[in-house]
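For what it's worth, the UniProt record's numbering labels the leading residue of the sequence shown as 1, then goes sequentially.
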Amino acid sequence: MSGERFHSTLHRKDPLFAELTEHARFLALPNQSGKVPRMYDVSSITENPVLFKKTVLFLANRYRQLQPPPTHILAIESRGFVLGAPLAMELGIPFVLMRTQPPAPASFEDFDQERSLLPTIVVRNKSINASSRVVIVDDIISSGCTMVSAVECVNVVGANIVEIVAVCDMIEGGGVEVLKKMASSGGHLSVFTFFSLRNSLEAISYSKKKRKTWSSNL
C-alpha cells in the first residue's frame, strides 16, 4: 500500500495495480471548453472476468482482516453497484443500495437537498442503524459531491463508516481533499482507491494504434 493514513492506494509495484492501469479505459465527455473530461470506465473491470474477480477478492480480503469487520456494504447508484454487490456476496453481509432518488418513503435522507451542488442520497428505511459498520463503494471519486452526500446520509443514523472505497480517484477533481477536510472537521473517515489519475480533463486522442495516452499521467 502507499499513501497517507487518510487516503491509501495500491503500491505501483503491486501486480494488481499494473493490471488495473493496463486495462483501464476512460469515457470521453466533451464539455463547453472543448476539452474532454476523462472519466474512468468501470467496464474496464467488468468485461475482464479474471481481473473483476481479483479486484473483488482483494477488497474482500482487506475487510476480512479488520476487527471488528464491516457489517454492511453500501454502494452508490449506479456504477457503485458493480463492485458493491459481488463484494457483499463474497463477505456474506447485506448489500444496501444508496440511491440518488428516493424510490420509497424513508425516515431519513441526506441533509443537502437544498444545496444544488450536492445530489440527494437516500437508503431504505431501517437498512442500517447506529450499530452498523459500513463500507461505502463507488466506481470513482472526482469532485466528491456524491460521496459527501453519501457520508452525510450515513451520519444521519450514526452508523460507523469503516472505509470509503473506489477504483480510481481523479486528483484534479479534488474529491479526496474535500473528504479529508470533512474528516478533519469531525468524525473518522478513511479512503482507499486502487489508483489515482492526476489529470482528468486532458483531451484524449482516439487513435486506433494508441488509445492509452493517459498512462504517462498515472
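Idealized CB from N, CA, C, for every residue including glycine. Predicted model only: the values in this text are computed from it and were never measured.
Supposed close pair residue i, residue j - CB separation, criterion 8 angstroms
i, j, result
"residue 139", "residue 79", "4 angstroms"
"residue 118", "residue 161", "Rounded, the Cβ-Cβ distance is 17 angstroms, inconsistent with contact."
"residue 8", "residue 194", "Wrong, their Cβ atoms sit about 10 angstroms apart, outside the cutoff."
"residue 16", "residue 58", "6 angstroms"
Run of the beta strand (DSSP E) containing residue i, from where it starts to where it stops
i, result
"residue 221", "Past the boundaries of the shown model lies residue 221; the chain is included only from 1 to 218, so the question cannot be answered."
"residue 190", "Here residue 190 belongs to no beta strand (DSSP E), and DSSP marks it neither H nor E."
For residue i, the first and last residue of its enclosing alpha helix (DSSP H)
i, result
"residue 6", "No alpha helix (DSSP H) contains residue 6, which DSSP labels as neither H nor E."
Residue closest to residue i, alpha-carbon to alpha-carbon, out of the options
i, options, result
"residue 52", "172, 144, 84", "84"
"residue 152", "134, 142, 168", "134"
"residue 76", "150, 10, 22", "150"
"residue 143", "20, 11, 43, 39", "39"
"residue 155", "145, 179, 130, 137", "130"
"residue 88", "137, 54, 100", "137"
"residue 167", "180, 196, 148, 179", "196"
"residue 48", "10, 66, 20, 26", "20"
"residue 123", "98, 141, 147", "98"
"residue 121", "147, 132, 128, 141", "147"
"residue 95", "60, 5, 14, 127", "127"
"residue 41", "23, 175, 179", "23"
"residue 86", "179, 55, 6, 18", "55"
"residue 179", "141, 14, 13, 158", "141"
Residue i at chain B interface by Cβ criterion, 8 angstroms
i, result
"residue 161", "You won't find chain B in this structure, because it holds only one protein chain."
My parser needs the beta strand (DSSP E) runs of 3 or more residues fully inside the UniProt domain "Phosphoribosyltransferase" (42 to 173); what are they?
The UniProt domain "Phosphoribosyltransferase" (42 to 173) contains these whole beta strand (DSSP E) runs: 72 to 76, 95 to 98, 133 to 141, 160 to 170.
Take every Cβ of the segment 64 to 75, pair it with every Cβ of the segment 167 to 186, and state whether three or more of those distances are shorter than 8 angstroms.
Contact check between the segment 64 to 75 and the segment 167 to 186: fewer than three CB pairs, one atom from each, fall below 8 angstroms, which does not count as touching.
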